[in-house]
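*Asks:*
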Amino acid sequence: MTPARLVSNDEYITQLALKAGRGDQAALTEFVRLTQKDVWRLVAHLGGVDAADDLTQETYLRVMGALPRFAARSSARTWLLSLARRVWVDSVRHDSARPKKSAVEVENAAEQFTTGESWSELADARVLLEQLPEERREALILTQVLGYSYAEAAEIAGCRVGTIRSRVARARRDLVAALDDGDSVNGDSAAV
6 MTPARLVSND EYITQLALKA GRGDQAALTE FVRLTQKDVW RLVAHLGGVD AADDLTQETY
66 LRVMGALPRF AARSSARTWL LSLARRVWVD SVRHDSARPK KSAVEVENAA EQFTTGESWS
126 ELADARVLLE QLPEERREAL ILTQVLGYSY AEAAEIAGCR VGTIRSRVAR ARRDLVAALD
186 DGDSVNGDSA AV
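Here the sequence shown stands for residues 6 to 197, numbered as in the working numbering.
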């Protein structure tokens, strides 16, 4: 029986992270292999598919420097996704200082996709999600799209479980209101 079957997957990944932090290259390779899809999915949902590869790479660059200090106070997966979230937050801050794409560039890119109504529905859903306040979008994606528990999402986001629950409820309310009104999601200014 392999070590992964003797303990839970999260425990096994945490053991790998601890070994990798002590310099075990095989453990590092296995740690990255087992966690890379989770990191990519999170940053793809938060920052977009176009940025997901770069954000994933940046996350693992930070992980390499941080692994020797990883003390297993939480599972390695939770710790890793917290780092990925911080990488995304840093990229948002960095991007907000850069000029945005023009409407013409966005229209030209949209014209390349002509798959009909399903593309339109997907684009509409993505636009609605992107219009949610960041904290609400993050909570909704972590719990409803990626399937993390409220407790795991709270640990990843660095807040309390009640805050995650509130953000998800408000995000759902905002999305339903936007669909009912046919307008954009505006959320209230007091984003939780």
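Glycine is no exception: its CB is placed at the ideal position from the N, C-alpha and C atoms. If you're wondering where the values come from, they're calculated on a predicted model, not measured in any experiment.
Helix, strand or coil for Ala174, going by three-state DSSP, please let me know.
*Replies:* In the structure shown, Ala174 sits in a helix (DSSP, three-state: H, G or I).
*Asks:* Since Ala31 is in the alpha helix (DSSP H), which residue starts that stretch and which ends it?
*Replies:* 30-52 is the span of the alpha helix (DSSP H), which, as asked, contains Ala31.
*Asks:* Does the distance from the CB of Ala77 to the CB of Thr19 come in under 8 Å?
*Replies:* Contact flag set, yes.
*Asks:* Specify, as a first and last residue, the run of the alpha helix (DSSP H) that Arg141 falls within.
*Replies:* Per DSSP, Arg141 belongs to the alpha helix (DSSP H) from 139-145.
*Asks:* In the DSSP assignment, find the unbroken alpha helix (DSSP H) run with Gln20 in it and report its ends.
*Replies:* That run of the alpha helix (DSSP H) goes 14-26.
*Asks:* Which whole-angstrom value is the C-beta distance of Arg165 and Ala174, which I expect to be below 8 Å?
*Replies:* No, Arg165 and Ala174 are not in contact; Cβ-Cβ is about 14 Å, not under 8 Å.
*Asks:* Who are the near neighbours of Leu85 in its chain, counting only those whose CB is closer than 6 Å to its CB and skipping five residues on each side?
*Replies:* Cβ within range, chain order: Thr40.
*Asks:* Answer yes if the stretch 67-83 comes into contact with the stretch 45-59, meaning at least three C-beta pairs across the two stretches below 8 Å, and no otherwise.
*Replies:* With the cut-off at 8 Å, the stretch 45-59 and the stretch 67-83 do not touch.
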